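Engineer: Residues in the sequence shown are numbered from 29 upward in steps of one, following my numbering.
What follows is a structure written as C-alpha cells; I'll ask about it next.
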Amino acid sequence: MTAGKGGGRRAKRPATQLAVRVTAYLERMIAEGKAAAGERINEAALAEQLGVSRAPVREALRGLEARGLLTKQANRGTFVRELTVKEMLDIFEMRALLMGYGAECAAELFNAERGAALGRLLDRMDKATGDGDGEAYYQLNLEYHKAILLYSGNQRAVQVYAELEKDLQRFRRHYFDFVSNMVKSNAEHRAVFEAMQRGDGAGARVLAENHVQQGKLRVLKTLEEGIT
C-alpha cells in the first residue's frame with residue numbers, strides 16, 4: 029500500500045476489494061462441491077455472474093492458485109485442484125497438533141464464562157444430532173473448534189487452523205450426514221471439554237489430538253465407501 033499526498037495512505041484498490049468477494053464465493057463453491065475437483069473455472073462467465081470486471085477475478089484466481097485450491101494449466105485455463113488423500117492426511121496431522129495445543133492452553137485459561145459458551149455449543153450439537161441435521165452440526169463443529177483455539181490466546185493458531193479447515197471442507201462436509209458420525213464426534217468433544225473444565229491441560233491435549241485422529245479415520249471410511 030503506498031502513501032498519498034500529506035503522508036496519508038490510499039484506500040484499498042476497488043479491484044482488491046472485489047477480489048476478496050470473488051475469493052469468498054469460489055471458496056464456498058469449492059467447499060460445497062458446487063465447483064468440483066477438475067472443473068474448469070470460466071473467468072469470463074464468473075465475472076459476468078458476479079457483476080465484476082475480469083481484473084478482480086484474475087486476482088482471486090491467482091490467490092487461490094497460490095493456496096493450492098486451484099491449478100493453472102498452460103493453454104487450457106484454471107481448474108479446481110484435486111486434493112490428494114496424502115495431502116488430506118497431512119492436513120489432519122497438522123490439525124491434530126494445533127487442536128491438542130489449543131486445548132491444553134485453553135484448559136490453563138479456562139473460566140466459567142468460557143465453559144458456559146462451550147457447553148451451549150455442545151448442547152446445540154446434541155440437538156443437531158437428534159434432528160439428524162448434518163449441516164447444522166458441521167457449522168457448530170467449526171464454531172466449537174474455533175472457540176477452543178480462541179480460548180488458547182493464540183490468534184495465529186486460530187488463523188492457521190482456519191486455513192487448514194478450508195482445505196478439508198470438501199472432504200469433511202458430508203460425513204456429518206450420518207448420525208453415527210455426529211454421535212461419536214460430540215462424545216469426543218465432551219471428553220475434551222470435561223478435561224479443560226478440570227484444568228487438565230495434558231489430558232485435554234491428548235483427547236483433542238485423538239478426536240482429530242478419529243475424525244480422520246471416519247473421513248477415510250466415508251471416502252472408501254464412496255459416500256463423499
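Glycine included, every Cβ here is placed at the ideal spot set by N, Cα and C.
Since we're looking at a predicted model, the values are computed, not measured.
With DSSP as the reference, label R41 as helix, strand or coil.
Structural biologist: What you label residue 41 is simply residue 13 of the sequence shown in a count that begins at 1. Low per-residue confidence applies at R41: pLDDT is 49, beneath 50, and the placement is therefore not dependable, though the value from the model is reported in the following sentence. Coil, per DSSP.
Engineer: How many angstroms separate the CA atom of S81 from the CA atom of E191?
Structural biologist: Counted from its first residue, the sequence shown places residue 81 at position 53. Counted from its first residue, the sequence shown places residue 191 at position 163. So the two alpha carbons sit approximately 27 Å from each other.
Engineer: When the Cα of T112 is compared with those of A145, M153 and L196, which residue comes out closest?
Structural biologist: Counting from 1 along the sequence shown, the entry for residue 112 is found at position 84. Nearest C-alpha to T112: L196.
Engineer: Could you give the first and the last residue of the continuous beta strand (DSSP E) run that contains T157?
Structural biologist: Translated into positions along the sequence shown, residue 157 becomes position 129. Not the beta strand (DSSP E): T157 falls in the alpha helix (DSSP H), residues A140 to D159.
Engineer: Given that a residue counts as buried once 16 or more other Cβ atoms are within 10 Å of its Cβ, and exposed if not, what is G128?
Structural biologist: Your numbering for residue 128 matches position 100 in the sequence shown. G128 should be labelled buried.
Engineer: Helix, strand or coil for A31 per DSSP?
Structural biologist: Taking the first residue of the sequence shown as 1, we reach residue 31 at position 3. Confidence is the limiting factor: at A31 the pLDDT is only 42, short of 50, which leaves the residue's position unreliable, though a coordinate-based value still follows. A31 falls in the strand class under three-state DSSP.
Engineer: Looking at the structure shown, is T51 part of a helix, part of a strand, or coil, going by DSSP?
Structural biologist: Within the sequence shown, the letter at position 23 stands for residue 51. Note: T51 maps to helix in three-state DSSP.
Engineer: Would DSSP call T250 helix, strand or coil?
Structural biologist: Here the question's residue 250 lines up with position 222 in the sequence shown. It is helical.
Engineer: Buried or exposed for V211, going by 16 or more other Cβ atoms inside 10 Å?
Structural biologist: Locating residue 211 in the sequence shown gives position 183, where the first residue counts as 1. Exposed, since its Cβ has fewer than 16 Cβ neighbours within 10 Å.
Engineer: List in chain order: all unbroken beta strand (DSSP E) runs of 3+ residues lying wholly within the stretch 64 to 152.
Structural biologist: Entirely contained in the stretch 64 to 152, the beta strand (DSSP E) runs reaching 3 residues are, in chain order, 98 to 101 and 105 to 108.
Engineer: Measuring alpha carbon to alpha carbon, tell me which residue in A135, T157, K100 and N214 is nearest I69.
Structural biologist: The sequence position of residue 69 within the sequence shown is 41, counting from 1. Among A135, T157, K100 and N214, the Cα nearest to that of I69 belongs to K100.
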